[in-house]
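All letters in the sequence shown, in the order written, are residues 1 to 331 by my numbering.
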Amino acid sequence: MRIVRVARRLWFLGLLGLVPLVDPRLRPLRFFVLFFFAPLAVGLLVRARRPARPREEAAPAPERPLPGPAERSGPLLFLLRVLGSSLLVMLNPFQLAQTFRQSRGDAAAGLRVVDDAAAFRQSVEYTLPFEGEWLVTRGGVTPGTSHSWGLAAQRFAYDFVVADAERRSHAGDGSRLEDYLAYGRPVLAPADGTVEAVNDGVRDAPRPGTGWLDWRVRDFRGNWVVLRHGEGEYSLLAHLVPGSVRVRSGGHVKRGDVLGLCGSSGHSTEPHLHFQVQDHADFFRAAGLPVAFSGCVVDGAAADGPVYLRAGMRVRPAESAPEVAGPPVPA
Numbered sequence: 001m002r003i004v005r006v007a008r009r010l011w012f013l014g015l016l017g018l019v020p021l022v023d024p025r026l027r028p029l030r031f032f033v034l035f036f037f038a039p040l041a042v043g044l045l046v047r048a049r050r051p052a053r054p055r056e057e058a059a060p061a062p063e064r065p066l067p068g069p070a071e072r073s074g075p076l077l078f079l080l081r082v083l084g085s086s087l088l089v090m091l092n093p094f095q096l097a098q099t100f101r102q103s104r105g106d107a108a109a110g111l112r113v114v115d116d117a118a119a120f121r122q123s124v125e126y127t128l129p130f131e132g133e134w135l136v137t138r139g140g141v142t143p144g145t146s147h148s149w150g151l152a153a154q155r156f157a158y159d160f161v162v163a164d165a166e167r168r169s170h171a172g173d174g175s176r177l178e179d180y181l182a183y184g185r186p187v188l189a190p191a192d193g194t195v196e197a198v199n200d201g202v203r204d205a206p207r208p209g210t211g212w213l214d215w216r217v218r219d220f221r222g223n224w225v226v227l228r229h230g231e232g233e234y235s236l237l238a239h240l241v242p243g244s245v246r247v248r249s250g251g252h253v254k255r256g257d258v259l260g261l262c263g264s265s266g267h268s269t270e271p272h273l274h275f276q277v278q279d280h281a282d283f284f285r286a287a288g289l290p291v292a293f294s295g296c297v298v299d300g301a302a303a304d305g306p307v308y309l310r311a312g313m314r315v316r317p318a319e320s321a322p323e324v325a326g327p328p329v330p331a
């Protein structure tokens, strides 16, 4: 319902309620924290007025161990670091501006958002944007499996890492970027297209695996590439290694061309690839689109046709030899 969508998009005003923590003279702004609870309150009200319906049962993704630094400090501290660094974003004018742009654009994109992946027909054939076997850590095409169902642009996004047989994403103790199995791997064009926009020069997050988001950088997407594949179909590949982007705006790419290297720039708790297909070149004005990948091997079995992914799946291109990462090296 529209009222729920509006409430969800006003949550960011709650950040103003935290300003008095920095400057007590602005104490009247503390009441803005109520906007944090607006989506919950409106959602409960609407749900109470709706007739009951069967609850969607989503198969839970298999457990994946936390990165070494977070595992040693504990999941609670990991979560507190994520939340704490998220709040610090309000001290960064560049990311604060991005947050406002995302909220404003999300309200408009919500009118175009796809609710049922099966009802959408993509016009482009997409293949996996990497070689070898990777693990889907976030993503799916239903509310129960989605990367971020409430955010129009990221509703059908995926996060990928490389993981060993124990689903651990790094060797060593995980304190260095180079410990992570995905770090520095080539990121490929998922289809032919035109380079719509690029961003480079954003540093990799300096404390991988701890839960700290890099709130001081100018762009929470880090280094990224946007490709135009067809009318109203664009792909975004984000968190690339600084200095690794090999394409320039206006250039043309073929499926499988190397765009850059997998990194941990922007808001990233460990090296991974963020991938999504969207209906607009501008991330802040886009609605995400469901994408079924062709030529996949999923959990060791070749898919019969294009397939939607979800968290917990191990995937690789059909023509790519399977890779079995070794066990983590003891610290």
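Heads up, the beta-carbon is just placed ideally off N, CA and C, and yes, glycines get one too.
query, result
"Own chain residues within Cβ distance below 7 Å of Trp149, not counting five before or after", "Pro143 and Arg155"
"Buried or exposed (CB count within 10 angstroms, at least 16 for buried), Gly243", "exposed"
"Span separating the alpha-carbon of Gln102 from that of Ser85", "18 Å"
"Same chain only: Cβ atoms within 7 Å of Gly193, ignoring 5 sequence neighbours per side", "Leu227, Arg228, His229 and Val253"
"Alpha-carbon to alpha-carbon, Arg285 and Ala108", "7 Å"
"Three-state secondary structure assigned by DSSP to Gly288", "strand"
"3-residue-minimum beta strand (DSSP E) runs that sit fully inside the region 223-275, ordered along the chain", "223-230, 233-240 and 258-261"
"Bounding residues of the beta strand (DSSP E) (the contiguous stretch that carries Gly193)", "Gly193 to Asn199"
"Within 8 Å, strictly: CB atoms of Ala191 and Glu131", "no"
"Minimum C-alpha distance to Ala189 - residue among Gly260, Asp115, Ala302 and Gly74", "Gly260"
"Segment contact, 8 Å Cβ cut-off, at least three pairs: the region 70-90 with the region 206-219", "yes"
"Inter-residue CB distance, Leu240 and Ser265 (contact presumed, cutoff 8 Å)", "6 Å"
"Gly68 classed as buried or exposed, judged by whether at least 16 other C-beta atoms fall within 10 angstroms", "buried"
"Buried or exposed by the 16-neighbour rule on C-beta atoms within 10 Å, applied to Gly312", "buried"
"Nearest residue (CA-CA) to Ser73, options Ser175, Ser235 and Met90", "Ser175"
"Cβ distance (whole Å) where Ala318 is taken to contact Gly295 below 8 Å", "5 Å"
"Pro75 to Val297 span [Cα, whole Å]", "32 Å"
"Beta-bridge partners of Ala163, as assigned by DSSP", "The partner list for Ala163 (beta bridge, DSSP) is empty, contrary to what the question assumes."
"Span of the alpha helix (DSSP H) around Arg72", "Gly68 to Ser73"
"Closest Cα partner of Phe160 within the set Asp173, Gly140 and Ala171", "Gly140"
"Segment limits, alpha helix (DSSP H) that includes Arg104", "Pro93 to Ala109"
"Separation of Ser249 from Arg207, as counted between CA atoms", "31 Å"
"Helix, strand or coil at Gly184 according to DSSP, with G and I counted as helix", "coil"
"Sequence-distant residues of the same chain with beta carbon closer than 6 Å to Val162, five excluded per side", "Trp134, Leu181 and Ala182"
"Neighbourhood of Ser320 by C-beta, 7 Å cutoff - its chain only, sequence neighbours within 5 removed", "Glu131 and Gly132"
"Backbone CA spacing between Leu77 and Glu270 [nearest angstrom]", "16 Å"
"Inter-residue CB distance, Trp215 and Leu88 (contact presumed, cutoff 8 Å)", "4 Å"
"With 16 other Cβ atoms within 10 Å as the buried cut-off, status of Ala165", "exposed"
"Beta-carbon separation (whole angstroms), Thr137 vs Arg64, contact threshold 8 Å", "7 Å"
"Residue span of the beta strand (DSSP E) that contains Trp134, given as start and end", "Trp134 to Arg138"
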